[in-house]
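Start counting at 1 in the sequence shown, then tack on 141, and there's your number in the numbering used here.
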Amino acid sequence: MPYLTAASLAEQLTVTRRLTSEPFGVNLFVPGEPARQDDVARYAASLADTARHAGIELGDPVFEDDDWTAKLTLLLHEPVPVVSFTFGCPDAETVTRLQGVGSEVWVTVGSPQEATEATTAGADVLVAQGSEAGGHRGGSDDDASIGLLSLLQLLAARTHLPLVATGGIATGAAVAAVLAAGARAAALGTAFLCCPEAGTAPVHREAPHRSAPTAVTRAFTGRAARGIRNQFLDQHTAHAPAAYPEVHHLTAPLRQAGRARGEADLVNLWAGQSYPLVRDLPAADLVRRIDAETQAALQAALSAVNRSDSPAADQ
């Protein structure tokens, strides 16, 4: 899991296995390359006034690989049903080794080109992320800007692999739409923002009540991500470099202070474009509600097709 050490991940695996016998997965961030230090330094200088006004010192913009090698080693020795990858595709050798211990390999893609790369590497499932999605762009190209329905159609025409659709899905009607477009399943994120199990900071839980639109920015982490517009995003997006995780570490103290103080203008309010539809429900209740909506939407769509095929529709 991102932002955890391999030791912390091992502890979470132990706890999860005690709690359930159902299949579960672990997501890993594929590490990139170190950013140009002069780009990071210029961005740090541009943040100085914001940090001073907040009374916060900026963080140390270090490059690290999120314990990549140690986590892979752990998952090869303690296999899980699914290992998914974000920010790129692992090499074919890594995919084969994980499959050899019984794990399915899922790769997030945002374009047909990334889908081809993942298919060639031997991935079992493609997680098709549309540009509507909240949070980080999950493919290797964080400039990908293809909407989810278009992406699903493009991928269905190009690959035989199962597709999991994600990005901007907040209702059962949206789940029905992506299933009709060729997805085997839907993955929802922002829809669970206000569930008590999400552990979301209060300032983030209140964000759906804002009237601001979303925008894509590198200002908070150095990697393109969609969030609800606020003062920090508007002020710093234009000059934020592509420098993940250096910028993530640089701005971490500001974001932490914003969450602690309830200052939304300092926080990365990650959310997809459908965030105004977020519901404040326990996760299990939300899943049941969306399942019922999906069934109703599929039946309504089938009824509409049947009506259009009836003789009366031609009169």
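Where is the CB? At the ideal position from N, CA and C, for every residue including glycine.
Considering only residues of the same chain and omitting the five flanking positions on each side of residue i, which have a CB-CB separation below 8 Å?
i      : result
THR146 : ASP208 and ALA211
HIS389 : PHE361, THR362, GLY363 and ARG364
TYR144 : ASP207
VAL319 : LEU289, LEU290, LEU293, ALA306, ILE310 and ALA327
LEU160 : none
Can you give the Cα-Cα distance for residue i and residue j, rounded to whole angstroms?
i      : j      : result
GLY330 : GLU198 : 31 Å
ASP282 : THR362 : 15 Å
ALA176 : GLY200 : 16 Å
PHE170 : HIS277 : 11 Å
PHE226 : ASP265 : 12 Å
VAL428 : ALA332 : 10 Å
VAL316 : GLY241 : 32 Å
ILE369 : ALA412 : 6 Å
ALA441 : GLU434 : 10 Å
GLN294 : ALA398 : 42 Å
PHE228 : PRO172 : 7 Å
ALA381 : ARG448 : 52 Å
GLY403 : GLU347 : 10 Å
ALA393 : SER244 : 33 Å
Closest to residue i by CA distance: which of the options is it?
i      : options                           : result
LEU334 : HIS350, VAL319 and HIS390         : HIS350
ALA262 : CYS230, GLU347, SER244 and LEU293 : CYS230
ALA151 : ASP180, ALA326, GLN372 and PRO220 : PRO220
ALA314 : LEU418, LEU239, LEU267 and ALA339 : LEU418
ARG183 : VAL446, GLY166 and PRO202         : PRO202
SER415 : PRO343, ALA353 and SER162         : ALA353
LEU296 : ARG158, THR260 and GLY196         : THR260
Mind checking whether residue i and residue j have CB atoms under 7 Å apart?
i      : j      : result
ALA256 : LEU391 : no
CYS336 : ALA401 : no
THR378 : ARG367 : no
GLN372 : ASP406 : yes
ALA84  : ASP190 : Past the edges of the chain, shown from 142 to 456, lies residue 84, and the structure says nothing about it.
GLY288 : GLN270 : no
GLY166 : VAL223 : yes
HIS345 : LEU410 : yes
VAL246 : LEU239 : yes
GLY308 : GLU273 : yes
Give every residue of the same chain whose Cβ lies closer than 7 Å to the Cβ of residue i, excluding the five residues on either side of it in the sequence, and list them in chain order.
i      : result
LEU215 : ALA147, LEU150 and ALA151
GLU205 : PRO386
ALA339 : PHE333
To which residues of the same chain is residue i closer than 6 Å at the C-beta, ignoring the five residues directly before and after it?
i      : result
ILE431 : GLY313
THR358 : LEU374 and THR378
ALA438 : GLY313, ALA314 and ALA317
Can you determine whether any heavy atom of the ligand HEM sits closer than 6 Å to the C-beta of residue i, and answer yes or no?
i      : result
ALA438 : For the structure depicted, the ligand HEM is absent and the ligand set is empty, with no information on it obtainable.
Given 8 Å, three or more beta-carbon pairs between the segment 322-329 and the segment 295-312:
yes
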